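In the working numbering, the protein residues as written are 5 to 490.
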């Protein structure tokens with residue numbers, strides 16, 4: 005049971021698991037309860053859907069997954085896809101991403117390709133190609149990728165991946181110039197140069213929270229935990245993909261290791277920053293493409309950020325994190341305690357203070373969903389800074405079918421309480437939609453909170469030369485900022 009659950013993912017829908025196991029819901033729940041007693045699965049908290057179970061450790065889930073026989077893993081992925089497909093019924097568009105993910109890793113690649121194309125078609129409906137090309141200067145089309153690796157090149161790529169992640173860890177732990185650091189640089193350089201004798205370039209890219217090498221998913225037994233290590237480093241730095249070209253030198257490798265092992269700013273950087281950073285480290289044969297999200301509002305493509313959706317600096321990001329933590333805590337307490345509870349009052353007071361502090365710096369805060377995780381003002385939050393707040397907000401957004409949540413300067417304590425009280429209500433069938441949320445907010449006269457007005461998609465290729473600079477965060481209190489309540 006645990007091995008099949010590991011293929012489903014770190015968050016396991018119990019109905020899907022029952023279908024994969026071929027058991028009825030009661031039998032499946034008994035197995036899940038046994039897993040909780042053995043501390044394989046975690047006990048659900050108040051923000052977790054009762055129909056879902058989570059692995060207590062994602063690292064353990066990845067180890068179980070990577071130790072599965074490849075043929076068995078592919079068959080299980082196909083079964084998961086077929087069960088999810090059947091359960092979705094006529095709402096299959098709601099689960100296109102998971103379906104594409106599982107079938108692409110199954111022995112039914114044709115169906116994986118079909119669902120991936122369907123995802124791209126829906127993205128095309130969201131973002132007009134003409135609008136993107138005109139307004140975003142986006143070079144529409146697939147990202148430039150090197151040819152797939154052959155059977156002889158794959159072991160060399162895996163060897164470099166292992167050497168790279170070990171070298172990054174050593175540089176984080178040991179002082180510069182130590183023998184372990186020097187040995188790590190030598191090993192990584194040697195492995196890469198050996199690989200580049202066979203290929204012109206090698207690209208390590210994140211795709212749907214999985215690692216790909218030259219467009220091929222990393223699935224080999226034993227290498228998945230290493231791939232996850234690199235993805236965690238990518239997430240800290242906001243990197244989508246990194247390409248090493250033939251001609252890479254030891255200086256290039258050393259420079260990249262310094263970047264990847266160094267402290268990551270909370271700010272998500274654009275292409276220009278990475279070009280300058282590579283130049284400063286004298287790196288000439290490595291290219292980095294960051295995580296960049298395109299935004300759409302009211303059915304058309306718009307700038308990557310609104311004029312009001314400003315780039316977040318480090319102090320502002322810390323305030324954003326505090327606001328979102330207080331927001332989640334308020335929902336949690338409203339669910340658990342009676343309306344007159346002092347704990348609810350205290351958390352709402354804290355949320356009000358933190359939103360007032362945040363909105364002295366930026367005019368609005370938007371939390372959206374993209375690629376299965378949250379996006380804050382068109383940027384992916386740094387997991388080192390936001391921690392478990394990311395997972396809590398993901399669940400909150402998914403449970404309430406919120407594609408985006410925008411809170412604007414001027415929001416009052418009463419408006420926050422009214423909205424969060426509704427957010428804390430038990431889930432009903434049918435689930436709330438963006439339209440029903442907007443109707444609710446309009447009915448209460450709340451104009452400083454918006455739901456479902458923004459959607460995000462990841463950019464693969466981008467020319468930033470024609471982008472206007474976003475306004476910087478402001479430190480002064482604007483005239484329209486509300487006075488603190490006494």
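Note that CB positions come from ideal geometry on N, CA and C, so glycine has one too.
From a predicted model like this one, the values you see are computed outputs, not experimental measurements.
Given that a residue counts as buried once 16 or more other Cβ atoms are within 10 Å of its Cβ, and exposed if not, what is residue i?
i: residue 236; result: exposed
i: residue 50; result: Residue confidence is low: residue 50 scores 42 on pLDDT, short of 50, so the model does not pin down where it sits. Its coordinate-derived value is still stated next. Exposed, by the Cβ-count rule.
i: residue 335; result: buried
i: residue 392; result: exposed
i: residue 350; result: exposed
i: residue 356; result: buried
i: residue 395; result: buried
i: residue 343; result: exposed
i: residue 220; result: exposed
i: residue 536; result: No answer is possible for residue 536: it lies beyond the span of the chain, which begins at 5 and ends at 490.
i: residue 179; result: exposed
i: residue 504; result: The displayed coordinates of the chain run from 5 to 490. Any statement about residue 504 would go beyond what the structure contains.
i: residue 294; result: buried
Going by CA-CA distance only, name the one from the options that's closest to residue i.
i: residue 21; options: 42, 341, 81; result: 81
i: residue 250; options: 243, 78, 215, 204; result: 204
i: residue 245; options: 227, 264, 120, 356; result: 264
i: residue 108; options: 282, 292, 212, 156; result: 212
i: residue 331; options: 223, 73, 410, 55; result: 410
i: residue 429; options: 400, 360, 293; result: 400
i: residue 370; options: 445, 441, 455, 427; result: 455
i: residue 240; options: 266, 13, 86; result: 266
i: residue 85; options: 59, 43, 113; result: 113
i: residue 360; options: 405, 376, 413, 171; result: 413
i: residue 376; options: 91, 405, 453; result: 405
i: residue 329; options: 343, 287, 461, 354; result: 354
i: residue 296; options: 290, 277, 287, 289; result: 277
i: residue 325; options: 419, 104, 390; result: 390
i: residue 165; options: 421, 227, 182, 122; result: 227
i: residue 493; options: 55, 70, 42; result: This structure cannot speak to residue 493, because the chain is shown only from 5 to 490.
i: residue 208; options: 364, 274, 169; result: 169
i: residue 224; options: 445, 262, 66, 275; result: 66
Ordered along the chain, which non-local residues of its own chain (more than five positions away) have a Cβ less than 7 angstroms from that of residue i?
i: residue 5; result: 25, 35
i: residue 347; result: 337, 341
i: residue 407; result: 372, 373, 438, 456, 459
i: residue 60; result: 43, 44, 45, 46
i: residue 448; result: 422
i: residue 56; result: 15, 16, 17, 18
i: residue 174; result: 184, 185, 188
Given this structure, state the Cα-to-Cα distance separating residue i from residue j, to the nearest angstrom.
i: residue 378; j: residue 284; result: 32 angstroms
i: residue 252; j: residue 154; result: 21 angstroms
i: residue 451; j: residue 64; result: 45 angstroms
i: residue 388; j: residue 18; result: 30 angstroms
i: residue 163; j: residue 194; result: 10 angstroms
i: residue 317; j: residue 76; result: 46 angstroms
i: residue 196; j: residue 177; result: 23 angstroms
i: residue 13; j: residue 385; result: 22 angstroms
i: residue 16; j: residue 426; result: 26 angstroms
i: residue 117; j: residue 462; result: 19 angstroms
i: residue 187; j: residue 79; result: 41 angstroms
i: residue 3; j: residue 419; result: With the chain covering 5 to 490 only, the question about residue 3 has no answer from this structure.
i: residue 210; j: residue 292; result: 12 angstroms
i: residue 247; j: residue 11; result: 29 angstroms
i: residue 453; j: residue 442; result: 9 angstroms
i: residue 288; j: residue 87; result: 48 angstroms
Who are the Cβ neighbours of residue i in its own chain at under 8 angstroms, not counting the five residues just before and after it?
i: residue 302; result: With a pLDDT of 45 at residue 302, under the threshold of 50, the predicted position of this residue should be treated as unreliable, though the coordinate-derived value follows. Answer for residue 302: 457, listed in chain order.
i: residue 29; result: 18, 19, 22
i: residue 156; result: 202
i: residue 52; result: For residue 52, the predicted structure reports a pLDDT of 44, less than 50, and the residue's modelled location is therefore unreliable. A value from the coordinates is still provided. 58, 399.
Within a Cβ cutoff of 6 angstroms, which residues of the same chain sit near residue i, ignoring the five residues on either side of it in sequence?
i: residue 191; result: 167
i: residue 254; result: 193
i: residue 535; result: Outside the modelled stretch of the chain, which goes from 5 to 490, sits residue 535, for which no answer is possible.
i: residue 480; result: Because residue 480 carries a pLDDT of 41, less than 50, the predicted location of this residue cannot be relied on, and no value is offered for it.
i: residue 222; result: 215, 231
Between residue i and residue j, how many whole angstroms is the CB-CB distance? I'm expecting something under 8 angstroms.
i: residue 217; j: residue 161; result: 5 angstroms
i: residue 258; j: residue 189; result: 5 angstroms
i: residue 215; j: residue 234; result: 6 angstroms
i: residue 150; j: residue 206; result: 6 angstroms
i: residue 23; j: residue 91; result: 7 angstroms
i: residue 358; j: residue 327; result: 5 angstroms
i: residue 416; j: residue 366; result: With 8 angstroms as the limit, residue 416 and residue 366 do not qualify as a contact, their Cβ atoms being about 18 angstroms apart.
i: residue 2; j: residue 362; result: In the structure as shown, the chain starts at 5 and stops at 490, and residue 2 therefore has no counterpart that could be examined.
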